[in-house]
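Those sequence lines, one after another, are chains F and P. Sequential numbering from 1 applies to the first sequence in full-length UniProt numbering. Sequential numbering from 1 applies to the second sequence in full-length UniProt numbering. Some notes on the structure that comes next.
2 protein chains.
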Amino acid sequence: MDTATFLSFGTDRTKVYPPNFDILVFPKNTKEVAQLVKFAYDNDLKIVPSGGRTGYAGGAVARNGEIVISLVKMDQVLDFDPFFGSLKVQAGMITKNLHKEAEDRGFYFPVDFSSTGSSHIGGNIATNAGGVRVVHYGLIRQWVLGLTVVTGTGEILEFNGEILKNNTGYDLKHLFIGSEGTLGIITECTLKLTSKPSDNRVLFSAVPDFSSILELFKETHNVKVPLLAFEFLTRYCLEKVIDHLHVPDAFPEKSPYYVLMEFEIMDERDEEKLFSFLETVVEKGLVSDGSLASNSRQAETFWKYREGISESISIDYTVHKNDISLPLRNMNSFLEDMQALLNSKYPGFEIALFGHIGDGNLHLNIVKPKGLSDAEFFSQCKSVDPSMFELLQKHHGSISAEHGIGLLKRDFLHFSRTDAELEIMRQIKKTLDPKNLLNPGKVLLESK
Amino acid sequence: MDTATFLSFGTDRTKVYPPNFDILVFPKNTKEVAQLVKFAYDNDLKIVPSGGRTGYAGGAVARNGEIVISLVKMDQVLDFDPFFGSLKVQAGMITKNLHKEAEDRGFYFPVDFSSTGSSHIGGNIATNAGGVRVVHYGLIRQWVLGLTVVTGTGEILEFNGEILKNNTGYDLKHLFIGSEGTLGIITECTLKLTSKPSDNRVLFSAVPDFSSILELFKETHNVKVPLLAFEFLTRYCLEKVIDHLHVPDAFPEKSPYYVLMEFEIMDERDEEKLFSFLETVVEKGLVSDGSLASNSRQAETFWKYREGISESISIDYTVHKNDISLPLRNMNSFLEDMQALLNSKYPGFEIALFGHIGDGNLHLNIVKPKGLSDAEFFSQCKSVDPSMFELLQKHHGSISAEHGIGLLKRDFLHFSRTDAELEIMRQIKKTLDPKNLLNPGKVLLESK
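Here's what the structure looks like:
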């Protein structure tokens, strides 16, 4: 293994923290992970659990000589229940492979996002992954029936097995989901499966103003066809995609906002319902133009408008990413405050705004103005962030919707959690990882 | 207030633990609850939180002179978000009133069960309530966006507000859901709402053997009409309902098992799908006879077959209740082992078996044989329970599916949770309630 490959096991997509470690191990099962952690415990060695390393928060970075425990060799199916529809796998299984294992068995695993080709299911659970269909299926938390974890003392805990209902004391499983490897290493998991949607239709629409987006979302509650996705982007984002991916514009007239909706449909009758929904929202003035994809190629283009944004702006521009969430009704006022902040202090900064708006989740990317150096830009962003986090706090939002805390947002966690909560979190960390060996320095500041 | 009414605030439906306390308080808001708990903390006084008192595990019993804090005066709507569809209420709101508040606002709160006319939403959350449509909507855990709790030191914690996505460290909210008032008093909650099902159809069916029930459940994954409920009962249960409620028999031929399915339908086409589903499962021999309710009266009768069981057997017979859960595929072997256990040791005992089988949840009620005194019967049941819990452990089941632990199953918790888990639970209890003042003796044994 060359050095670059070796080091890649101790880093993620954040790219801002250079990895630095010497020991990389590839256990094959839970018992081996437990033995490794026990050894680390006895010898006071720190550990970074390593999955598919697709995170954006530095949660999988080993930069202080930690032992990196990679789960890439733990990718086996362990069990399957055909009646209930559940699948038990090792945590190192690549998410896309899990999708396939579910489909091969006549079921469907609904948690999906762009990095499923490399992300691990264990990492998805450790970061409580979301994705593009949260508005319908929820976060991954909802699909985890059972977990096997190895705590910071090398103890193996098995939570809940494969049952759905188990009201027997505190639900410890949920503590580990989203804990970013700081409370235990997830080694196995049992996932609930569902049925595959029959078919779907994508509706792309131009929306004249921000408040109409919210009204449009409200209207979807009455369509009586299941809504799988409700995504939004600004004209600015669409233009970047058109420039970068050479796709045609969506509609003859420009519009400040666009919304992509995906619906699950059974038959032509559902399709008719969608046409009549489109008519209604156009009549109400919530949508100025709209198009229901008539074939899969058109649907793909519509999705490209949304999913091509990250790529288009990252390659052609320098951007500072933020992944935030807000109550829907506070979004407009937050964005007005945010724009006012930028106008007054950083008049050259532009915002590329898009995201899973049905979930209250915005990807707010600040684009570097021409003429500013990268270093100067990032340094200015560093002073924008706390002001934005303050605005989020004011509007009851969160500084991290789905990317997690890791290293990147650790020092800002108090904008989303109170001192009392942080103290409880520290006590829980101490209970499960008394020597602070598991992913140290991530999520919480090292205890004083 | 007369003594009986007074005492009723410190007990629940278990009826086996006589209440014994002198102080009953009715705070009106979170701040007053916090002041009360702070006072109790400063003076080392124990507290029992009191909601609708519809529990079956003794979780709301005050039998050692505790202060009873009743939330009956905390029943106000606090906030509503029309875009996302969420409702914030005080925890003392009666569940049925919450249903109405949601419907008045054009939404639907889907957690439903027979005691919603008296249960409080806060108690539902504290016990992670389930009900008859868990197979479709999940447990209440899934519908809780935000929580306000008062911990054992009188501190007010507000978790998550009203946002859906918030990956900022450990999700403490889930610790309180299902903790039966031992970690904090839930005072306010923000609930996610959904859209009301358009219409539904009830299908009642006779099933020739137990394994066909599981196969039938598997078939429902392919109907392409949403399944809202999948409930089952034995012939024994049906006969008790027929005798007690004077309803007609379901079908001309007797059958050992019956399954009630409820589906959400949009139009006649969905209804056709159900008829064709029924045809398929009859052809496959999974169902020997079946009937799709043609009107709401017939649907009501079908539901009566299932919901009338508890009432019919409790009034006419003496029963010992158990609420257990199992992986679906292990159910048959567990039931065979259980029947063998009874046959060998308690040949006169009969089992009334019914429940939410789509969730793996069985209500296993042992019916007292004629000739045995109540005292003798319950004493024998006390020795059956541990043997049954051992069988559950062997078959990866849980000793409490939805009723919780309370006092009733506290001493058996080790059948469902390991020593390591119990120790973690104790540490968490100590962190949130350092003086062990909140609902002491429930769920966990008092710390040694």
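Ideal Cβ placement from N, Cα and C applies to all residues, glycine included. If you're wondering where the values come from, they're calculated on a predicted model, not measured in any experiment.
- In the three-state scheme derived from DSSP, where H, G and I count as helix and E and B as strand, residue 363 of chain F is classed as strand.
- If you draw a 10 Å sphere on the C-beta of residue 434 of chain P, you find fewer than 16 other C-beta atoms in it, and that means exposed.
- At least 8 Å separates the CB of residue 257 of chain P from every CB of chain F.
- DSSP places residue 442 of chain P in the coil class of the three-state scheme, outside both helix and strand.
- Not a single CB atom of chain P sits nearer than 8 Å to the CB of residue 393 of chain F.
- With contacts defined as CB atoms closer than 8 Å, residue 253 of chain P and residue 288 of chain P qualify as a contacting pair.
- In this structure, DSSP gives residue 400 of chain F a state outside helix and strand, which the three-state scheme calls coil.
- Separation of the CB atoms of residue 445 of chain F and residue 410 of chain F is rounded to 7 Å, and the pair is thereby assigned contact status at 8 Å.
- The C-alpha of residue 69 of chain F lies about 10 Å from the C-alpha of residue 46 of chain F.
- Boundaries of the alpha helix (DSSP H) harbouring residue 329 of chain F: 328 to 345, taken from the DSSP string.
- Nearest neighbour of residue 11 of chain P by Cα position, chosen from P:51, P:131 and P:235, turns out to be P:51.
- For residue 261 of chain F, the uninterrupted beta strand (DSSP E) segment begins and ends at 257 to 265.
- Counting only the Cα atoms, residue 260 of chain F lies some 42 Å from residue 302 of chain P.
- Distance from the Cα of residue 235 of chain P is smallest, within the candidate group P:300, P:118 and P:210, for P:210.
- If you draw a straight line from the Cα of residue 379 of chain F to the Cα of residue 428 of chain P, it comes to about 41 Å.
- Around the beta-carbon of residue 246 of chain F, fewer than 16 other beta-carbon atoms lie within 10 Å, marking it exposed.
- The beta carbon of residue 60 of chain P does not come within 8 Å of any beta carbon belonging to chain F, so the residue lies off that interface.
- Pairing residue 122 of chain P with residue 78 of chain P gives a Cβ-Cβ distance that is not under 8 Å.
- With a threshold of 16 other beta carbon atoms within 10 Å, residue 367 of chain P meets it and is buried.
- Residue burial is scored here from C-beta neighbours: residue 285 of chain F has fewer than 16 other C-beta atoms within 10 angstroms and is therefore classed as exposed.
- C-alpha of residue 297 of chain F to C-alpha of residue 384 of chain F: approximately 40 Å in a straight line.
- Within the segment 217 to 241 of chain P, the residues whose Cβ lies closer than 8 Å to some Cβ of chain F are 217, 218, 221, 222 and 224, listed in chain order.
- Residue 123 of chain F does not reach chain P, its nearest Cβ partner there being about 13 Å away, counting only Cβ pairs nearer than 7 Å.
- Taking a Cβ-Cβ threshold of 9 Å, the residues of chain P close to residue 267 of chain F are 269, in chain order.
- DSSP places residue 67 of chain F in the uninterrupted beta strand (DSSP E) bounded by 67 to 70.
- Only residues of its own chain outside the window of five on either side were considered, and among them 128 and 130 have a CB closer than 6 Å to the CB of residue 139 of chain F, listed in chain order.
- Contact check for residue 401 of chain F against residue 97 of chain P fails: the beta carbons are separated by 8 Å or more.
- For the segment 131 to 161 of chain F, the set of positions with a beta-carbon nearer than 9 Å to some beta-carbon of chain P reads 134, 135, 138, 139, 141, 142, 151, 155, 156, 157, 158, 159, 160 and 161 in chain order.
- A residue is called buried once 16 or more other Cβ atoms fall within 10 Å of its Cβ, and residue 19 of chain F is buried on that count.
- With a beta-carbon spacing of about 6 Å, residue 36 of chain P and residue 27 of chain P fall inside the 8 Å limit used to define contacts.
- Of the candidates F:304, F:398 and F:376, the residue whose Cα lies closest to the Cα of residue 359 of chain F is F:398.
- Residues of the segment 395 to 417 of chain F that bring their beta carbon within less than 8 Å of a beta carbon in chain P comprise 396, 397, 398, 399, 400, 401, 402, 403, 404, 405, 409, 413, 416 and 417, in sequence order.
- The criterion of a C-beta distance shorter than 8 Å is not satisfied by residue 108 of chain F and residue 61 of chain F.
- When Cβ-Cβ separations below 8 Å define contact, residue 421 of chain P makes contact with chain F.
- Residue-level contact by beta carbon holds for residue 327 of chain P and chain F, with a gap shorter than 8 Å.
- Inter-segment contact for the segment 267 to 287 of chain F and the segment 177 to 192 of chain F is absent: fewer than three beta-carbon pairs are separated by less than 8 Å.
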